[in-house]
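To start, the structure itself, in structure tokens.
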Amino acid sequence: MSSRKPIIAGNWKLNKNLKETLAFLAEIDGKLPSEDKVEVAIAAPAMYLIPLVHHRGNNPLKVSAEMFTSKIQVRSQVKHHLKHSQTKELNILLLVTQNVANISTKQMKTSIKKAHALFAAGVTPILCCGETLETFEAGKTAEWVSGQIEAGLKGLTAEQVSSMVIAYEPIWAIGTGKTATAEIADETCGVVRSVVEKLYGKNVSEAVRIQYGGSVKPETVEELMSKENIDGALVGGASLQAASFLGLLDIYK
Ligand code: 13P
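Position in the sequence shown counted from 1, then plus 1, gives you my numbering.
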């Protein structure tokens, strides 16, 4: 475990309706660990960002969102400006006015432009990387992820990289129940950190927080978080029910 503050973020993707969102908030009310120990966030569907912000009360819960850059969006020239007519995207201005704290950006091609726009708007990006099963089985994970990180950080300053979050999410472990072993996750998060060191130096690589994501559960989180290079988790399935979300945070109580 390092001295960096861990960040545990639930990613609801397109799950939950308004009633379920409010019920979740009621169930976790007063039960989150102290902000001094861990940063806790939920990335919700765009429609529920505002209810989350307004109904989280005094709970130390950051509200986040996911911008997924699909191939279709890449082809149709995603806009990165504050106001635009792209209907499938989140409007950064809306996120800022609603006090949304961080955004995970998946896929590299346009993520870098988004990261710039997010920093300009004062929102922290979580930049996601990860390989397919084919790449993993071919033993090319380090090479693939290094290339993604080099592309994904291009043009960002040392200060920006120090304050952002990177998530290593092997595609083969997302929603499959197959968690990378803590050793594999730590090794690849270490690869990410070494790329950051090569590009920005030791101070930045020691400051940047790197999460692991992919079938993380309350039963597996402790071992993952005990690793030197893993500074948190980006969690889908196990973040949907309040009990298992709180279970992910038990180690910080
Ligand atoms: P699961 O935890 O359901 O595998 O999802 C991980 C993920 O995609 C978080 O962004």
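Glycine included, C-beta positions come from ideal geometry on N, C-alpha and C.
In angstroms, rounded to a whole number, what distance separates the CA positions of residue i and residue j?
i: residue 115; j: residue 154; result: 11 Å
i: residue 236; j: residue 195; result: 24 Å
i: residue 147; j: residue 193; result: 6 Å
i: residue 129; j: residue 172; result: 10 Å
i: residue 66; j: residue 127; result: 10 Å
i: residue 84; j: residue 138; result: Low per-residue confidence applies at residue 84: pLDDT is 47, beneath 50, and the placement is therefore not dependable, though the value from the model is reported in the following sentence. Roughly 42 Å between the two C-alpha positions.
i: residue 170; j: residue 222; result: 14 Å
i: residue 245; j: residue 13; result: 13 Å
i: residue 201; j: residue 152; result: 14 Å
i: residue 181; j: residue 58; result: 35 Å
i: residue 203; j: residue 4; result: 15 Å
Which same chain residues, not among the five before or five after residue i, have their C-beta less than 7 Å away from its C-beta?
i: residue 1; result: Past the boundaries of the shown model lies residue 1; the chain is included only from 2 to 254, so the question cannot be answered.
i: residue 199; result: none
i: residue 36; result: 61
Whose C-beta lies closer than 8 Å to the C-beta of residue i among residues of the same chain, with five residues either side of it excluded?
i: residue 254; result: 34
i: residue 179; result: 173, 215, 216
i: residue 15; result: 46
i: residue 141; result: 132
Could you tell me which of the options sits nearest to residue i, measuring between CA atoms?
i: residue 232; options: 180, 209, 21; result: 209
i: residue 60; options: 218, 26, 66; result: 26
i: residue 176; options: 251, 48, 238, 30; result: 238
i: residue 229; options: 187, 169, 217, 221; result: 187
i: residue 22; options: 48, 252, 31; result: 48
i: residue 190; options: 24, 220, 150, 133; result: 150
i: residue 157; options: 136, 143, 120, 199; result: 120
i: residue 11; options: 251, 217, 221; result: 217
i: residue 219; options: 252, 181, 136; result: 252
i: residue 207; options: 244, 165, 135; result: 165
i: residue 41; options: 181, 6, 202, 200; result: 6
i: residue 242; options: 185, 140, 24; result: 24
i: residue 19; options: 199, 68, 56, 203; result: 56
Spatial neighbours of residue i within its chain, please: C-beta separation below 6 Å, excluding the five flanking residues on both sides.
i: residue 81; result: Confidence in residue 81 is poor, its pLDDT being 42 and thus under 50, which makes the residue's placement unreliable; the coordinate value appears in the next sentence. Once the five neighbours on either side are set aside, the close Cβ partners of residue 81 are 114, 115, 118.
i: residue 168; result: 127, 129, 212, 214, 235
i: residue 32; result: 247
i: residue 143; result: 192
Could you tell me how far apart the beta carbons of residue i and residue j are, in whole angstroms, since I believe they sit closer than 8 Å?
i: residue 183; j: residue 225; result: 5 Å
i: residue 52; j: residue 17; result: Between residue 17 and residue 52 the Cβ distance is about 10 Å, and since that is not below 8 Å, they are no contact.
i: residue 9; j: residue 39; result: 6 Å
i: residue 240; j: residue 43; result: 7 Å
i: residue 132; j: residue 145; result: 5 Å
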